[in-house]
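Visitor: Counting in this note's numbering, the sequence shown runs from -8 upward without gaps. All residues carry an ideal CB built from backbone N, CA and C; glycine is no exception. First, the structure itself, so that you have it in front of you.
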Amino acid sequence: MMSKKLLFLLLGGGMLSAQTINETNAAGKTAGKTGINTDLPTRTLTIQNPPADQGKPVLRLADLPSYSQNVNSVMDSNLGGNAQSSTSYFDYKPLVVDEVGDVYLGLPITNNTSIISLTMTQSRGDWVKEFNTGIDYNKYAVALMSYSFKLPDATAGDKIVMLTSGGNTPNKKDGDKIFDRIVPATVNLYNKDNKWFIEADYNSLNPEEFTYNEPKSVSREVRGTWYINLLVAPRELIHFTELEYDQGGTSTGTGRSDATYNTNLDALLNKISHN
């Protein structure tokens, strides 16, 4: 029995697998179907790439209008087409292709990844010990995009607000020189009670207000504001994993030397490679 390879379709840079057609069965099922480069159409429209065009797309659409140009079109209205006045991109649905080349109407194109801009005011100085975002840890992946901390304005013209070392924080002394401790902000996301939590702090520093140019003035602790931007997406729609590696007290490391790290990384990369 002879067989033909049907519907090689290049879509998004990937070649679809060929469908093997049973000619005997297909011959009796071609009524009402149209074939291009094939005498045995198995769908309402079947396109087969000729040998000379193998590896090339079977369909090219030229001079296409943008999605908004055909909205409320008089011609389309007369033909029973799109008479709506909306220009929303989400009114349009993509075509999806399965492994054998059959084409279906897909769901509306939506972006399920969102950004949360979180403003946390009136924290205790700069310290946020734990903040429950209310986002379900098991349903959503959350990534920290950026953060910043803003000191409040001074209460008077002769006042100054700044981050200072805590009263119990030791200074480093080298001979007659004393060096104040300076630390970067620490902002982390973590799981607690199956919710995403945030912690934020300038370790061993406090935002305080002083009287300008009076070294012995009494300071008072002030409350600052954190601005934190989060990227949030459903876990089922993205590839997300959490890796952990023990540096063992050294300044260098090779992730794949750890068996658990290696296994989890490969699992993620394999998912990406097969999509």
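1. What's the gap between the Cα of Gly97 and the Cα of Trp217?
2. Give a yes or no on whether the C-beta atoms belonging to Val119 and Ile126 are separated by under 8 Å.
3. Let me know the secondary structure DSSP gives Ala145 once reduced to three states.
4. If Gly116 sits next to Arg214, beta carbons under 8 Å apart, how far is it from one beta carbon to the other, in whole angstroms?
5. Just grab the DSSP bridge partners of Ile229 for me.
6. Report the option in Glu212, Tyr193, Lys47 whose CA atom is closest to the CA atom of Lys150.
7. So which of Ser156, Ser137, Asp144, Lys183 has the shortest CA-CA distance to Asn123?
8. Lys24 to Thr37, Cα distance in whole Å?
9. Go ahead and pull the three-state DSSP assignment for Thr110.
10. Are Leu259 and Ile106 closer than 8 Å when you measure CB to CB?
11. Go through its chain and collect everything with a Cβ distance to Gly5's Cβ below 7 Å, but skip five positions before and after it.
12. Applying the 10 Å Cβ sphere with the 16-neighbour rule, what's the burial state of Glu235?
13. Quick check: what's the CA-CA separation for Leu31 versus Gly92?
14. May I have the straight-line CA-CA distance separating Pro175 from Leu196, to the nearest angstrom?
15. Thinking C-alpha only, which one of His230, Ala17, Phe140 is nearest Ile263?
16. Tell me the rounded alpha-carbon separation between Gly46 and Asn16.
Guide: Judging by the given coordinates:
1. 41 Å
2. no
3. coil
4. Contact between Gly116 and Arg214 holds: CB atoms are separated by about 7 Å, below the 8 Å threshold.
5. Partner(s): none; Ile229 has no beta bridge.
6. Glu212
7. Lys183
8. So the alpha carbons of these two residues sit roughly 8 Å apart.
9. In the structure shown, the three-state DSSP call for Thr110 is strand.
10. Between Leu259 and Ile106, the C-beta gap is not smaller than 8 Å, which leaves the two residues out of contact.
11. Only weak support is given to the placement of Gly5: the predicted model assigns it a pLDDT of 39, under 50, and the question is left unresolved by the model.
12. exposed
13. 15 Å
14. 10 Å
15. Among His230, Ala17, Phe140, the Cα nearest to that of Ile263 belongs to His230.
16. 28 Å
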